[in-house]
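**Student:** The sequence shown runs 2 to 166 under the numbering used here.
By construction, the Cβ of each residue, glycine as well, lies at the ideal position given by its N, Cα and C atoms.
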Amino acid sequence: MRTINLFKKLQKKSKILELYSVSEGNLIPITEVNDDVFSQKMLGDGFAVQPKNSNVYSPIEGEVTSIFPTKHAIGLKSSTGVEILVHIGIDTVELSGEPFEVFVREGDKVDNKTLLATVNLKMLEEKNKQSDILVIITNDSYEKLNINDYGQMKENIFIGNLILK
């Protein structure tokens, strides 16, 4: 009986949550984002994509927990309890939702092929807003973030994982 409990503990410790690229573009560490709140991990660790196109996909399999009224950020939660914030652009809250179209609702189930939103990159450029799409882990339900490699990525591809507690 004791061996089974030990095995269950080891099995639980090795749980992972797969992470996927949210858009085609340049995958960068969160520390390289040009905003101190994000680059200093004040909201949590994560990564960002400097997008080449307007599509924003889910980085995880989970559920939509919130959509900001300004459409610039979408909250997600995995079945394992990991909370993720997908934040589109930097200082884009000031645009009152204008450059965004959201295709999901709170309570929707999502995976890496789910198109969460689109963003008008030309409008962001005209408004002098950076288009980085940030993926931030906002709770402490994981032990380690592993990203396989940074650089140019296609959308919807496996890029790493979270080792869960």
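1) Which residue from K145, S97, L135 puts its Cα closest to that of P30?
2) From K114 to D92, what distance separates their C-alpha atoms?
3) For a test of the three-state rule: what should DSSP assign to I137, helix, strand or coil?
4) Grouping DSSP H, G and I as helix and E and B as strand, with all else coil, what is I61?
5) Can at least three beta-carbon pairs, one atom from the segment 136-150 and one from the segment 39-49, be found at a separation below 8 Å?
6) Rank I75, T119, V34, K42 by C-alpha distance to the C-alpha of G63 and give the top, closest one.
7) Using a Cβ distance threshold of 8 Å, determine whether the segment 121-134 contacts the segment 52-61, with at least three qualifying pairs required.
8) Pick from E156, D141, I164: whose alpha carbon is nearest that of N147?
9) Taking DSSP as the reference, what is the three-state secondary structure of T93?
**Tutor:** So, to answer that:
1) L135
2) 27 Å
3) strand
4) coil
5) yes
6) I75
7) yes
8) I164
9) helix
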